[in-house]
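Undergrad: Protein chains in written order, with this note's numbering: chain R, 1 to 189; chain Z, 190 to 298.
Starting off with a structure, shown below.
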């Protein structure tokens, strides 16, 4: 059994080495630069922040995709499905923030804003759950995000709208044609 | 001291151990392919597991013969590229092997 423990340590070391090289090192550098510039701009020239993020985020995404693809090809480890998961995962951040900006731009009353913000958070969590856990939740997340857009048109009952959107999303997920295994099933032991 | 029933269970467990995965390199290959979620090249496997090319090729052939992994050969910039991926059978075998080794470990303890 001592030999087995040593063998496990050997395997663990190999896996850790692999994981340490599984992302393109340029990607965190790009986003560190973008975020430092963006947040600094918030302090020194806040009126330019919106334009900055609208330009920097797409550029950052394109560069990340290019670097990620090059890194994968260099390691002969291009996995389109996993690449798609990564892209959708990180795209959820600008989409969620975009929806949040939309919410604030509507100048909604606090209670409505609270409902929308709650729905946004739940939508994000369900969406990410759909990516990483079970695809059934993905549609729920998307449905709830759509609900955020509808809430301002039901001004008198924001929490009711939240509840309806949430319930509809759960029912949609429950009655989806078939539960699709999450992508992670393919990579877990 | 192990009881008679424990010795019998131990003997049965030992008999069921997958000999293919008893070798740490082959176990390492399978675990790496599972954890990566995608194909891994021959060169990378060799570097990660610190094996020679010849030894790695032998281990990979045995795993391929047992249908635990698949191989795909291509050319990139006119250089041959060989990548490997785990099969469902391979994943199941690793799962069972690790479970069995865990049970053996508990029995011996």
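Glycine included, each C-beta is placed from N, C-alpha and C at the ideal position.
Output needed for residue 92 of chain R: all residues of its chain with C-beta closer than 7 Å, excluding positions within five of it in sequence on either side, in chain order.
TA: On the first chain, position 92 is the one that residue 92 of chain R refers to. Around residue 92 of chain R: 124, 127, 128.
Undergrad: For residue 61 of chain R, which residues in the same chain have their Cβ closer than 6 Å to its Cβ, ignoring the five residues on either side in sequence?
TA: Position 61 of the first chain, counting from 1, holds the residue named residue 61 of chain R. Counting only residues of its own chain and dropping the five nearest sequence neighbours on each side, residue 61 of chain R has no CB closer than 6 Å to any other CB.
Undergrad: When DSSP builds the beta bridges, which residues end up paired with residue 261 of chain Z?
TA: Sequence index remark: in the second chain, residue 261 of chain Z carries index 72 (1-based). The partner list for residue 261 of chain Z (beta bridge, DSSP) reads Z:272.
Undergrad: On the premise that residue 99 of chain R lies in contact with residue 120 of chain R, defined as a C-beta separation below 8 Å, what is that separation, rounded to the nearest angstrom?
TA: By 1-based counting over the first chain, the position of residue 120 of chain R is 120. By 1-based counting over the first chain, the position of residue 99 of chain R is 99. Sure, about 6 Å apart at Cβ, within 8 Å.
Undergrad: Residue 290 of chain Z: buried (16+ other C-beta within 10 angstroms of its C-beta) or exposed?
TA: In the second chain, residue 290 of chain Z corresponds to position 101, counting from 1. Its Cβ being crowded by 16 or more others within 10 Å, residue 290 of chain Z is buried.
Undergrad: Residues of chain Z with CB under 8 Å from residue 82 of chain R, in chain order?
TA: Indexing the first chain from 1 puts residue 82 of chain R at position 82. Those are 226, 227, listed as they occur along chain Z.
Undergrad: Would residue 286 of chain Z and residue 234 of chain Z qualify as a contact pair, given that the criterion is a beta-carbon distance under 8 Å?
TA: Here the question's residue 286 of chain Z lines up with position 97 in the second chain. Here the question's residue 234 of chain Z lines up with position 45 in the second chain. Not closer than 8 Å, so no.
Undergrad: Is residue 230 of chain Z helix, strand or coil by DSSP?
TA: Here residue 230 of chain Z refers to the residue found at position 41 of the second chain. Residue 230 of chain Z: strand per DSSP, three-state reduction.
Undergrad: Distance, Cα to Cα, residue 251 of chain Z vs residue 227 of chain Z?
TA: Here residue 251 of chain Z refers to the residue found at position 62 of the second chain. Here residue 227 of chain Z refers to the residue found at position 38 of the second chain. Distance between the alpha carbons of residue 251 of chain Z and residue 227 of chain Z: 20 Å.
Undergrad: Under the rule that 16 or more other beta-carbon atoms within 10 Å means buried, what is residue 18 of chain R, buried or exposed?
TA: To locate residue 18 of chain R, count along the first chain from 1; it is residue 18. Result: buried.
Undergrad: Expressed to the nearest angstrom, what Euclidean distance is found between the alpha-carbon atoms of residue 63 of chain R and residue 28 of chain R?
TA: Counting from one through the first chain, the residue named residue 63 of chain R turns up at place 63. Counting from one through the first chain, the residue named residue 28 of chain R turns up at place 28. Going by the C-alpha atoms only, they are around 11 Å apart.
Undergrad: Determine the contact status of residue 217 of chain Z and residue 249 of chain Z, defining contact as a CB-CB distance below 8 Å.
TA: For the purposes of this step, residue 217 of chain Z is taken as residue 28 along the second chain, with counting starting at 1. For the purposes of this step, residue 249 of chain Z is taken as residue 60 along the second chain, with counting starting at 1. Taking the C-beta atoms as reference points, residue 249 of chain Z is found no nearer than 8 Å to residue 217 of chain Z.
Undergrad: What whole-angstrom Cβ distance do residue 213 of chain Z and residue 11 of chain R have, given they're in contact under 8 Å?
TA: Translated into positions along the second chain, residue 213 of chain Z becomes position 24. Translated into positions along the first chain, residue 11 of chain R becomes position 11. Confirmed, Cβ separation roughly 6 Å.
Undergrad: Would you please verify whether the beta carbon of residue 221 of chain Z is less than 8 Å from any beta carbon of chain R?
TA: As a working mapping, residue 221 of chain Z is identified with position 32 in the second chain. With 8 Å as the cut-off, residue 221 of chain Z counts as an interface residue toward chain R.
Undergrad: So, with DSSP's three-state summary, where would you put residue 184 of chain R?
TA: The residue given as residue 184 of chain R occupies position 184 in the first chain. Reliability fails at residue 184 of chain R, whose pLDDT of 38 lies under 50, so the model's placement of it is uncertain and the value that follows must be treated cautiously. Reduced to three states, the DSSP call for residue 184 of chain R is helix.
Undergrad: Counting only Cβ-Cβ distances shorter than 9 Å, please list the residues of the segment 4-18 of chain R near chain Z, keeping chain order.
TA: Cβ contacts with chain Z: 4, 5, 6, 7, 8, 10, 11, 12, 13, 14, 15, 17, 18.
Undergrad: Starting from the N-terminal side, write out each stretch of the alpha helix (DSSP H) that is 4 residues or longer and does not extend beyond the segment 127-154 of chain R.
TA: 136-150
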